Amino acid sequence: MTSTESFTVTQAATSKIDQCDFENLKFGKTFTDHMLICDYIDGEWQKAEIKPYAPFQIEPSSMVFHYGQAIFEGMKAFKDEADDVWLFRPEENFKRFNKSAVRMQMPEVPEEVFLEGLKKLTNLDKAWVKRGNGSSLYIRPFMIANSSAIVASPSSDFRFMIILSPVRAYYSGEVKVMIAEHFSRAANGGIGAAKAAGNYAAQFYPTRLAKEKGYDQIIWTDDATHTKLEESGTMNVFFILNGILVTAPVSERILDGVTRKSIIDIAKREGITVEERPITVTELLESFKNGSLTEIFGTGTAAVISPIAGFAYQEVYNELIKPEESIAQKLKARLTNLQNKLEEDTFGWTVKI
Ligand SMILES: *Cc1c(COP(=O)(O)O)cnc(C)c1O
417 MTSTESFTVT QAATSKIDQC DFENLKFGKT FTDHMLICDY IDGEWQKAEI KPYAPFQIEP
477 SSMVFHYGQA IFEGMKAFKD EADDVWLFRP EENFKRFNKS AVRMQMPEVP EEVFLEGLKK
537 LTNLDKAWVK RGNGSSLYIR PFMIANSSAI VASPSSDFRF MIILSPVRAY YSGEVKVMIA
597 EHFSRAANGG IGAAKAAGNY AAQFYPTRLA KEKGYDQIIW TDDATHTKLE ESGTMNVFFI
657 LNGILVTAPV SERILDGVTR KSIIDIAKRE GITVEERPIT VTELLESFKN GSLTEIFGTG
717 TAAVISPIAG FAYQEVYNEL IKPEESIAQK LKARLTNLQN KLEEDTFGWT VKI
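Sequential numbering from 417 applies to the sequence shown in the working numbering.
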């Protein structure tokens, strides 16, 4: 065991890496040798511990089980040709995590614990970061309420953790989506802009109903009128209309995606016109009919870009014609090349650990 000022590091006696089949990884099912834990007790962050990945004990009365104070982040580390490991815009995830924390009445995590912690942890498990074929290490920081009391008030104790999962390129396949006419992901004044676990929980049931009708995901609309297109599943959503890249502006109801803002900047650099403005269902239907709608895609850390084959509205499915030259694929290649250090990062987004 070694101890630096704010971290205690206990290394695993043996590594599980030899048992890992890197060719056949299922997304998010395999974890590396170590994890980070940092508890918040009586108003103070305790010393962070990096130790072997393992289950831990928790009280049945732990507040997270009862009142759902739980937030998370999702980011990736990449290995370049020289075997150096790079993070992609980690500051953005750090800032967003603490924004989510504030909205969920949870303590903000110190930068030292979050950013230094994830660098130390990733560095310790860097053998798990593979090169090529869209391989990367998915990093999952999260925080739960952890006071032991079934009293409906905010928790005073919390646990912050980081776990790491080696992943390969995530192919979502041909995604068919259904436009939400009744259910909502987020509401004004709600927690849609926070990466709160509960937002995901609330999506599973409507998504299952959509699956029963043959659709993979839901395009969420604004809760008040169900006329504005906001996100696709757990991804931000983009449309190509007359060659212009259009996406809804971030708001209280829309998660401020790191992939979203990176794609916007890359598109602008490529000379593509970008519009951040509300898009209505009516506009989508009209532009589908007149042929100006050529692509729809979702953006998020896991899949980067997930092309959407078509959309259903009021029980009618509208299939897009596959573009000969997909703008989505071009933008995806640019972003993944930059992340994997295969092309120069003129934006300064990649951070070496
Ligand atoms: C995480 C998330 C995204 C994508 O964010 P990235 O930072 O690009 O991974 C989009 N929408 C929702 C609802 C999310 O939870």
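Just so you know, even glycine gets a beta-carbon here, dropped at the ideal spot from N, CA and C. Remember, predicted model here, so these are calculated numbers, not experimental data.
Exercise. Does the region 685 to 696 come close enough to the region 724 to 732 to have 3 or more Cβ pairs within less than 8 Å?
Worked result: no
Exercise. So, is residue 657 buried or exposed, given that buried needs 16 or more other C-beta atoms within 10 angstroms?
Worked result: For the purposes of this step, residue 657 is taken as residue 241 along the sequence shown, with counting starting at 1. Flag for residue 657 reads buried.
Exercise. Using a threshold of 7 Å, is the CB atom of residue 674 nearer than that to any non-hydrogen atom of ligand 1?
Worked result: Here residue 674 corresponds to residue number 258 of the sequence shown, with the count starting at 1. Under cutoff, so the answer is yes.
For this session: Using three-state DSSP, classify residue 575 as helix, strand or coil.
Result: By one-based count along the sequence shown, residue 575 stands at place 159. Strand at residue 575.
Exercise. The beta strand (DSSP E) with residue 725 in it runs from where to where?
Worked result: To locate residue 725, count along the sequence shown from 1; it is residue 309. Counting along the chain, the beta strand (DSSP E) containing residue 725 begins and ends at 720 to 729.
For this session: Assign residue 479 to one of three DSSP states: helix, strand, or coil.
Result: For the purposes of this step, residue 479 is taken as the residue at position 63 of the sequence shown. Note: residue 479 maps to helix in three-state DSSP.
Exercise. Going along the chain, which unbroken runs of the alpha helix (DSSP H) with 4 or more residues stay wholly within the region 449 to 494?
Worked result: 479 to 483
Problem set entry | Straight-line gap, residue 481 to residue 457 (C-alpha atoms, nearest Å) | What you label residue 481 is simply residue 65 of the sequence shown in a count that begins at 1. What you label residue 457 is simply residue 41 of the sequence shown in a count that begins at 1. The alpha-carbon atoms of residue 481 and residue 457 are separated by roughly 18 Å.
Exercise. Of all the options 664, 428, 607, 526, which has the alpha carbon lying nearest to the alpha carbon of residue 652?
Worked result: One-based indexing of the sequence shown puts residue 652 at position 236. The candidate whose alpha carbon is nearest that of residue 652 is 664.
Problem set entry | Backbone CA spacing between residue 702 and residue 479 [nearest angstrom] | Here residue 702 is taken as the residue at index 286 of the sequence shown, counted from 1. Here residue 479 is taken as the residue at index 63 of the sequence shown, counted from 1. Straight-line Cα distance between these residues: approximately 48 Å.
Exercise. For residue 721, which residues from the same chain have a beta carbon less than 6 Å from its beta carbon, with the 5 sequence-adjacent residues on both sides left out?
Worked result: Residue mapping note: residue 721 aligns to position 305 of the sequence shown, counting from 1. Once the five neighbours on either side are set aside, the close Cβ partners of residue 721 are 713, 715, 744, 748.
For this session: Tell me whether residue 604 counts as near ligand 1, meaning its Cβ is closer than 7 Å to at least one heavy atom of that ligand.
Result: Counted from its first residue, the sequence shown places residue 604 at position 188. Residue 604: no, Cβ never under 7 Å from ligand 1.
Exercise. Does any heavy atom of ligand 1 sit closer than 7 Å to the C-beta of residue 515?
Worked result: Taking the first residue of the sequence shown as position 1, residue 515 is located at position 99. Residue 515 Cβ: outside cutoff for every heavy atom of ligand 1.
Exercise. Quick one: what does DSSP say residue 631 is sitting in, helix, strand or coil?
Worked result: The count along the sequence shown starts at 1 and reaches residue 631 at position 215. In the structure shown, residue 631 sits in coil (DSSP, three-state: anything other than H, G, I, E or B).
Exercise. Just checking my contact of residue 554 with residue 581 at CB under 8 Å: how many whole Å lie between their CB atoms?
Worked result: Position 138 of the sequence shown holds residue 554. Position 165 of the sequence shown holds residue 581. Confirmed, Cβ separation roughly 5 Å.
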